[in-house]
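Participant: As they're listed, the protein sequences go chains A and B. 99 is the number that the working numbering gives to position 99 of the first sequence; each next residue is one higher, with no gaps. 245 is the number that the working numbering gives to position 98 of the second sequence; each next residue is one higher, with no gaps. Glycine residues also receive a C-beta, built at the ideal position from the N, C-alpha and C atoms.
Protein chains: 2
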Amino acid sequence: MTDSEDVNATDAWIGLARGHSHAVDAIESALKSAALPSLAWYDVLLELDKAGGKGLRPFELERKLLLAQYNLSRMTARIEDAGYISRRPSQHDGRGFELVITKTGRKIRAAMWPVYKKAVGTTLAEFRASKDAARLLDYLKANNNTD
Amino acid sequence: MTDSEDVNATDAWIGLARGHSHAVDAIESALKSAALPSLAWYDVLLELDKAGGKGLRPFELERKLLLAQYNLSRMTARIEDAGYISRRPSQHDGRGFELVITKTGRKIRAAMWPVYKKAVGTTLAEFRASKDAARLLDYLKANNNTD
DNA sequence: TCAATCTTGATGCAATTGCATTTATATGTG
DNA sequence: CACATATAAATGCAATTGCATCAAGATTGA
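1) Please go through the same chain and pick out, in chain order, the residues whose beta-carbon is closer than 7 angstroms to the beta-carbon of H20 (chain A), but skip the five residues on each side of it.
2) How would you write the range of the beta strand (DSSP E) that R57 (chain A) sits in, first residue to last?
3) Are there 16 or more other CB atoms within 10 angstroms of the CB of T104 (chain A), so buried, or fewer, so exposed?
4) Closer than 7 angstroms, Cβ to Cβ, to anything on chain B: give me those residues from the segment 112 to 132 of chain A, in chain order.
5) Kindly indicate which residue of A:S73, A:A110, A:V115 has the alpha-carbon position closest to the one of G96 (chain A).
6) Which stretch, first to last residue, makes up the beta strand (DSSP E) that contains S233 (chain B)?
7) From the beta carbon of L246 (chain B), is the nearest beta carbon of chain A less than 8 angstroms away?
8) Using a 10 Å radius around the Cβ and a threshold of 16 neighbouring Cβ atoms, would you call G202 (chain B) buried or exposed?
9) Any idea what DSSP makes of L246 (chain B), helix, strand or coil?
10) Could you list which residues in chain B have their beta carbon closer than 8 angstroms to that of S33 (chain A), in chain order?
11) Does any C-beta atom of chain B lie closer than 8 angstroms to the C-beta of A82 (chain A)?
12) Starting from the C-beta of T293 (chain B), find all residues in its chain whose C-beta is less than 7 angstroms away, skip the five residues before and the five after it, and write them out in chain order.
13) Under 8 angstroms between C-beta atoms, does A51 (chain A) make it to chain B?
14) Starting from L140 (chain A), trace the alpha helix (DSSP H) in both directions and tell me its first and last residue.
15) Please list, in chain order, all residues of the same chain as D132 (chain A) whose beta carbon is under 6 angstroms from its beta carbon, the five residues on each side excluded.
16) Are three or more beta carbon pairs between the segment 36 to 47 of chain A and the segment 106 to 116 of chain A nearer than 8 angstroms?
17) Just confirm the distance between the C-beta atoms of R106 (chain A) and D49 (chain A), as a whole number of angstroms; I'd bet it's less than 8 angstroms.
18) Residues of chain B with CB closer than 7 angstroms to the CB of G19 (chain A), please, in chain order.
19) Please go through the same chain and pick out, in chain order, the residues whose beta-carbon is closer than 8 angstroms to the beta-carbon of T269 (chain B), but skip the five residues on each side of it.
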């Protein structure tokens with residue numbers, strides 16, 4: 001890796017980080033204004049909604065969402081308290097259980113979606129027009145088939 | 148904004164978020180392994196290093212780094228406790244002060260840089276080769292001069 | 001000038017996170 | 001089977017964050 005590639009990676013990273021930060025702020029604040037749960041809860045609800053009746057084991061969710069184990073453990077407890085998911089013992093593994101989205105959970109997920117979608121659309125369009133995005137784009141264009 | 152653009156924005160957002168998450172994990176863990184301060188501290192030290200002897204007011208730093216006021220206030224207190232920055236009353240504004248990087252602060256910032264740079268280089272190259280990046284790239288390419 | 005308003009920065013308190021450890025079950029090996 | 005090791009999930013405790021509010025100095029404007 002040459003020096004100039006390093007510089008580009010760092011610039012790209014700064015662009016990526018700033019775009020992310022702006023987007024998270026915009027999305028969280030849109031959800032909060034609408035008195036809806038946070039982005040993190042949305043991600044959990046979405047995965048469980050996609051998983052359907054079979055649900056997902058906490059460790060599966062943990063990997064899909066790149067969350068720390070203890071973090072997920074407590075977040076799912078809170079989401080369960082809110083009534084959006086439920087748990088049932090796993091048939092196959094006495095240590096664990098499956099998390100399943102509830103009817104209320106599906107409802108709230110559906111209510112979050114338009115708010116989330118709109119905030120993403122707006123903030124990403126803004127990002128796309130920024131210098132940060134231009135630098136990231138430069139870096140990404142340079143190569144994209146190592147795997 | 149058409150429906151298909153919406154779908155692309157969401158896909159792009161997911162790619163952006165995952166790339167960010169992987170990168171943050173990689174960078175933080177590289178810094179931690181090297182017994183160095185976190186990414187957040189690096190950002191502060193870098194800005195103050197760039198600002199030189201004049202330093203920066205907390206509110207300026209807050210805006211540059213997109214941090215919440217209370218968050219920055221406490222973080223700078225911790226960095227000051229660690230001896231990497233110092234504060235001096237502002238000549239122009241009795242409410243505030245300037246934050247200035249110390250010699251030790253410059254030293255630790257310099258020590259962090261190669262670790263940070265290497266982690267960024269590795270993780271961004273990985274990201275660049277991913278499907279997440281491909282989707283983000285598609286979205287970014289579509290348009291980039293709205294402003 | 002001085003009261004109303006705004007800006008800068010700190011802080012009490014509750015909620016969340018990070019780290020290390022614990023508990024319980026599963027799996028693999030002799 | 002019996003033991004060692006690995007995996008799933010929870011939790012005690014300290015550190016950090018988020019929210020709301022506060023205190024102090026700056027600014028505005030009648």
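Facilitator: Looking at the coordinates:
1) Once the five neighbours on either side are set aside, H20 (chain A) has no close Cβ partner at all.
2) No residue range can be given for R57 (chain A), since it is assigned to no beta strand (DSSP E) and is classified by DSSP as neither H nor E.
3) So T104 (chain A) counts as exposed.
4) Legend: CB atoms of the segment 112 to 132 of chain A lying less than 7 angstroms from CB atoms of chain B belong to residues K117, V120, G121, L124, A125, R128, A129.
5) In this structure, A:S73 is the residue among A:S73, A:A110, A:V115 with its C-alpha nearest to the C-alpha of G96 (chain A).
6) Counting along the chain, the beta strand (DSSP E) containing S233 (chain B) begins and ends at 232 to 236.
7) By this cut-off, L246 (chain B) is not an interface position.
8) G202 (chain B) is buried by the Cβ-count criterion.
9) Three-state result, L246 (chain B): strand.
10) Neighbours of S33 (chain A) in chain B, taken as residues at a C-beta separation under 8 angstroms, are lacking, since the least C-beta distance is about 17 angstroms.
11) Not an interface residue.
12) Unreliable positioning characterises T293 (chain B) in this predicted model, as indicated by a pLDDT of 45, which lies under 50. The coordinate reading is nonetheless provided below. Counting only Cβ-Cβ distances below 7 angstroms, and skipping sequence neighbours, we find nothing.
13) Cβ-Cβ to chain B under 8 angstroms: no for A51 (chain A).
14) It spans 131 to 141 - the alpha helix (DSSP H) in which L140 (chain A) sits, taken as one unbroken run.
15) Around D132 (chain A): G15, R18, G19.
16) In this structure the segment 36 to 47 of chain A touches the segment 106 to 116 of chain A; the number of beta carbon pairs closer than 8 angstroms is three or more.
17) Taking 8 angstroms as the upper bound for CB-CB distance, R106 (chain A) and D49 (chain A) are in contact here, some 6 angstroms apart.
18) L163, listed in chain order.
19) When the five nearest sequence neighbours on each side are left out, the beta carbons in the same chain lying within less than 8 angstroms of the beta carbon of T269 (chain B) are those of A173, in order along the chain.
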